[in-house]
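2 protein chains.
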Amino acid sequence: MSGPAVPIAIGPTDPPPTLVEKAVLEAGAAISDLDEARGLIWVGGPGEFPDELPASLEWVQLSAAGIEDWFTAGIFAKHPHIRFTSAAGAFAASVAEHALMLLLAGVRYLPEHLRASGWRQQDFFPHVGTLRGKTVTIVGAGGIGRALIPMLIPLGAHIIAVNRSGRPVTGPGIPDTVETISADHVGRIWPRTDHVVIAAPATPATRHLLGADELARLKPSSWIVNVARGSLIDTDALVAALASGAIGGAGLDVTDPEPLPDGHPLWVLPNSIVTPHDSNPPQLRLAAFADHVEANVQRFVTGRPLLAPIDRDRGY
Amino acid sequence: MSGPAVPIAIGPTDPPPTLVEKAVLEAGAAISDLDEARGLIWVGGPGEFPDELPASLEWVQLSAAGIEDWFTAGIFAKHPHIRFTSAAGAFAASVAEHALMLLLAGVRYLPEHLRASGWRQQDFFPHVGTLRGKTVTIVGAGGIGRALIPMLIPLGAHIIAVNRSGRPVTGPGIPDTVETISADHVGRIWPRTDHVVIAAPATPATRHLLGADELARLKPSSWIVNVARGSLIDTDALVAALASGAIGGAGLDVTDPEPLPDGHPLWVLPNSIVTPHDSNPPQLRLAAFADHVEANVQRFVTGRPLLAPIDRDRGY
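Protein sequence lines correspond, in order, to chains A and B. Just so we're aligned: 160 in the UniProt record's numbering is position 160 of the first sequence, and the numbers increase by one with no gaps anywhere. Just so we're aligned: 60 in the UniProt record's numbering is position 60 of the second sequence, and the numbers increase by one with no gaps anywhere.
Written out as structure tokens, the structure reads:
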């Protein structure tokens, strides 16, 4: 590359996280002080963000995917000439991988296997299922849903994606065999759904999206995976469905209430898998953020469009 | 389609398995008696196979993937004008899915999660891993290995495939970023391997392929998955590596000895997952065989090359 490397600052931690520093350098930029930087990778919150930015600065990369508090703090309005980007999309892959793990572990009867202390092949045979030829409904077609679809396709699952608009979900690795339906019509697809993955935001409209009525329309072999927010499922109805065998099981990275109290039936039921909201732990977040930084610094340096630009009008 | 449907017989069970009958009809053929059949789907072994075949018969589909006993019984030699096909490849997908499940469950620390009865998020965070950016070595690039690769690619894993020749592994969904190395050089790749999946046949050359020396070159975070045959791993060396934390864990659908006796350390170690050779249970075998029958009947009816033709010269 010709010319001096583009100067990028990292703040507010000093020294900056090694992985982030490495990402900036790998992308072909140079680490600089804020005074002379053209870009700033900000790993802190809005409270510590500098009031004054140097005239050289063009771009700020934030480290969170959801940036409501930055709007609330008025930071974007204060710096109208700066391009801000969030980490939206960067953390979806780890959560999608976790959802796949929970679904496969459920369908293939892993919890009961782990309780065994002897070779019970004939007992287990009838309970080992597959995703091949099965219909998986993914509620929510944001970053997590769109990351999960390409993971399920090679397993031979048929995918129904549920989003607000009903417009076909598209993206890398998403074939046009994926059905998309609008959330208004979600009631229609429960009877032909084998398994459900919840990956939609918590809103008043999605509260108890899976309640007693919906659970009753699923199959005794159906597994439900929730990697979004606990409130999307009616916990009492879920516990009843798990206890009666109305559904196959549930793999939950999020619960309602959360944290799930000791002694709760979801800890005890044999067809319940609970992971304590750890589908995207800090070390994986940092690694994913570093990958996102590397991609965006490369784009900045070469003048290509940045990933996850903040839209001041839409508020995200 | 014009003309009468092609007559296909199913034997020896009477009535034939519903799924297989349905597959023949779905493929556009008709079910007939053997007397007038052009094709025969044989769901039995060589012992019950008819001595005399009608002059109308052109093709026989067998229901096993390994057909050594058919060679031994001399069936192929007795019917030199009949095309025989096996079920080779049909059962690989379920085993590959099981391998993926075991690997993900291990890497994401599921066994310890399932033993928890309280919200131990901070304890669990550091142990939740990902396949993203990790190198998975798959020993054996037959049907199972080739089915597993496309399942791992969307998770962002780098794949090293090990086969006899070292010729690049190819197939549907296998990108050219997959490295292939010959089994003679497998020793070189342990230090840069994060996880290992064993999917190679049991031969004198592969016995104890993973022994104390190989295990010592892996990482404390490495998981080993075996869906092939127990004898490819030195069980005593594996137990020692699991107990000392030299490797992360093992997910085993096959063991040595098999069945694994009650009280064996592999039942007890917290980083050992054992499933009793049930990665391809009878009901999934039958469904997979029916899919294979449907594909081959379609090919037969339309005059295209059949899947898994038996090679009389090579003996498989």
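C-beta atoms are modelled at their ideal positions from N, C-alpha and C, and glycine is treated no differently. Keep in mind it's a predicted model, so treat the numbers as computed, not measured.
Helix, strand or coil at residue i according to DSSP, with G and I counted as helix
| i | result |
| --- | --- |
| A/Phe289 | helix |
| A/Ala30 | strand |
| A/Arg299 | helix |
| A/His208 | coil |
| B/Phe49 | coil |
| A/Gly251 | strand |
| A/Val197 | strand |
| A/Gly11 | strand |
| B/Val268 | helix |
| A/Trp190 | coil |
| B/Phe71 | helix |
| A/Pro309 | strand |
| A/Gly171 | coil |
| A/Arg304 | coil |
| A/Ala65 | coil |
| B/Glu58 | coil |
| A/Ser231 | helix |
| B/Arg83 | strand |
| B/Thr18 | helix |
| B/Glu258 | coil |
| A/Met1 | Model confidence at A/Met1 stands at a pLDDT of 48, short of 50, so the residue's coordinates are unreliable; what they give is reported in the following sentence. Note: A/Met1 maps to coil in three-state DSSP. |
| B/Val136 | strand |
Spatially closest choice to residue i from the options, by CA coordinates
| i | options | result |
| --- | --- | --- |
| B/Gly44 | B/Glu36, B/Ala27, B/Trp70, B/Leu19 | B/Trp70 |
| B/Ser63 | B/Val293, B/Pro50, B/Ser56 | B/Val293 |
| B/Gly3 | B/Gly11, B/Glu97, B/Ala30 | B/Ala30 |
| A/Ala92 | A/Ala65, A/Val274, A/Asp262, A/Asp51 | A/Ala65 |
| A/Arg207 | A/Met101, A/Pro191, A/Asp234 | A/Asp234 |
| B/Ala141 | B/Trp119, B/Gly89, B/Pro111 | B/Gly89 |
| B/Ala250 | B/Leu218, B/Asn280, B/Gly263, B/Pro281 | B/Leu218 |
| A/Leu242 | A/Gly211, A/Ala228, A/Val227 | A/Gly211 |
| B/Gly11 | B/Ser32, B/Phe125, B/Val239, B/Ala5 | B/Ser32 |
| A/Ser56 | A/Gln121, A/Pro204, A/Leu102, A/Asp35 | A/Asp35 |
| B/Ala288 | B/Val6, B/Lys22, B/Ala9 | B/Lys22 |
| A/Gln121 | B/Asn280, B/Gly39, B/His79, B/Ala205 | B/Asn280 |
| B/Arg38 | B/Val297, B/Ala216, B/Leu307 | B/Val297 |
| A/Trp119 | B/Leu40, B/Asp291, B/Val274, B/Ala295 | B/Val274 |
| A/Leu19 | A/Leu284, A/Arg299, A/Thr193 | A/Leu284 |
| A/Thr13 | A/Val24, A/Ile41, A/Ala5, A/Pro7 | A/Ile41 |
Beta-carbon proximity list for residue i, same chain, < 7 Å, skipping 5 on both sides
| i | result |
| --- | --- |
| A/Asp17 | According to the sequence provided, residue 17 of chain A is Pro. The question's Asp does not apply to it. Only Val43, Leu286 meet the Cβ criterion. |
| B/Thr302 | none |
| B/Arg146 | Val169, Gly171, Ile174 |
| B/Met1 | For B/Met1, the predicted model reports a pLDDT of 48, less than 50, meaning its position is unreliable and no value from the coordinates is stated. |
| A/Phe84 | Val60, Leu62, Phe76, Ile310 |
| B/Leu53 | His79, Ile82 |
Exposure label - residue i; buried when at least 16 CB within 10 Å
| i | result |
| --- | --- |
| A/Thr137 | buried |
| A/Thr170 | exposed |
| A/Gly129 | buried |
| A/Val276 | Reading off the sequence shown, one finds Pro at residue 276 of chain A, where the question assumed Val. Buried, because 16 or more other Cβ atoms sit within 10 Å of the Cβ of A/Pro276. |
| residue 354 of chain A | Absent from the structure is residue 354 of chain A, since the part of chain A shown begins at 1 and ends at 316. |
| A/Asp313 | exposed |
| B/Pro282 | exposed |
| B/Arg164 | exposed |
| B/Ser182 | exposed |
| B/Asp278 | buried |
| B/Ala9 | buried |
| A/Pro150 | buried |
| B/Ala290 | buried |
| B/Ser244 | exposed |
| A/Asp194 | buried |
Near the ligand MG: residue i beta-carbon under 8 Å from a heavy atom
| i | result |
| --- | --- |
| A/Gly66 | With respect to the ligand MG, the structure offers nothing, as it holds no ligand at all. |
Cβ neighbours of residue i in the same chain (closer than 6 Å, five flanking residues each side left out)
| i | result |
| --- | --- |
| A/Glu258 | Gly230 |
| B/Ile198 | Val139, Asn226, Ala228, Leu232 |
| B/Ile82 | Val60 |
| B/Gly106 | Trp223, Gly249, Gly251 |
| B/Val254 | Asn226, Arg229, Gly230, His277 |
| A/Val95 | Ile144, Val227, Ser279, Asn280 |
Beta-carbon contacts of residue i that lie in its chain and below 8 Å, excluding the five residues immediately before and after
| i | result |
| --- | --- |
| B/Arg167 | Thr180 |
| A/Pro201 | Gly140, Gly142, Ala228, Arg229 |
| B/Ala73 | Pro46, Gly47, Phe49 |
| B/Asp123 | none |
At a cut of 8 Å, does the stretch 154 to 168 of chain A reach the stretch 120 to 140 of chain A through at least three beta carbon pairs?
-> Cβ pair count under 8 Å is three or more, so yes.
So does the stretch 107 to 116 of chain A actually touch the stretch 265 to 276 of chain A, counting three or more Cβ pairs closer than 8 Å?
-> yes
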